[in-house]
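Notes for the one structure printed next.
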Amino acid sequence: MKLVLIVDDSESVAASLALALETISEVQTLIHKDSRTVLERFEPAEPRVDALITDLHLPHANGLELIRAIRALPAYEALPAILVTADESVKASSKSDTCSPDAIFHKPFSPKEVCRAVRNILQLPS
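Heads up: the sequence shown begins at 1 in the working numbering, then just goes up one per residue.
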């Protein structure tokens, strides 16, 4: 079973992502509303989280900063990350950047497309 961490301060967006991802039998989800809570509770000694989906604009630290902070932990250097945002100006950056997400979805996004991306980054069958 793969665990996908969803971090979004919008309960409706987080819930819709979780609902969509739970249609994938190999995936479980965990939701947090802000980056501080995630970073305070993150257990680097037990790499349980297999992928991260985060909003760009979060309380305390933005989604890119969250990706960078988690990937700074040795057990999570290669953690797949997806960024969701309403900001149309956000584009994919160089993969060599430690905070660069594996995929970016602009709101409103298709839950099916996000599921496809999660299957792809976790290498799950279609």
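Glycine residues also receive a C-beta, built at the ideal position from the N, C-alpha and C atoms. Computed from a predicted model, the values in this text were never measured in an experiment.
Range of the contiguous alpha helix (DSSP H) that encloses residue i
i, result
"Ile24", "Neither: Ile24 is in no alpha helix (DSSP H) and is coded neither H nor E."
"Pro111", "111-121"
"Leu39", "35-41"
Limits of the unbroken beta strand (DSSP E) element including residue i
i, result
"Leu5", "2-7"
Residue i to residue j span [Cα, whole Å]
i, j, result
"Leu130", "Ser35", "Since the first residue of the chain shown is 1 and the last is 126, residue 130 is not available in this structure."
"Ser110", "Ala103", "13 Å"
"Pro101", "Ser10", "20 Å"
"Ser94", "Arg71", "For Ser94, the predicted model reports a pLDDT of 45, less than 50, meaning its position is unreliable; a value from the coordinates is still stated below. Answer to the nearest angstrom: the Cα atoms are 15 Å apart."
Same chain only: Cβ atoms within 7 Å of residue i, ignoring 5 sequence neighbours per side
i, result
"Leu3", "Gln28, Leu30, Arg48, Val49, Asp50"
Same chain only: Cβ atoms within 6 Å of residue i, ignoring 5 sequence neighbours per side
i, result
"Val7", "His32, Val38, Thr54"
"Ala14", "Ile6, Asp8, Ile31"
"Ala86", "Lys107"
Cutoff 8 Å; reference residue i; Cβ partners in own chain excluding five residues on either side
i, result
"Glu65", "Ser35, Cys99"
Legend entry - Any beta strand (DSSP E) of 3 or more consecutive residues that is wholly inside the segment 44-107: Runs found: 49-55, 81-85, 103-106.
Inset, instruction - Decide if the segment 71-82 is in contact with the segment 26-35; the criterion is three or more beta carbon pairs, one per stretch, under 8 Å apart. - result: Verdict: no, contact absent.
Legend entry - Contact between the segment 12-23 and the segment 111-126 (3+ Cβ pairs under 8 Å): With the cut-off at 8 Å, the segment 12-23 and the segment 111-126 touch.
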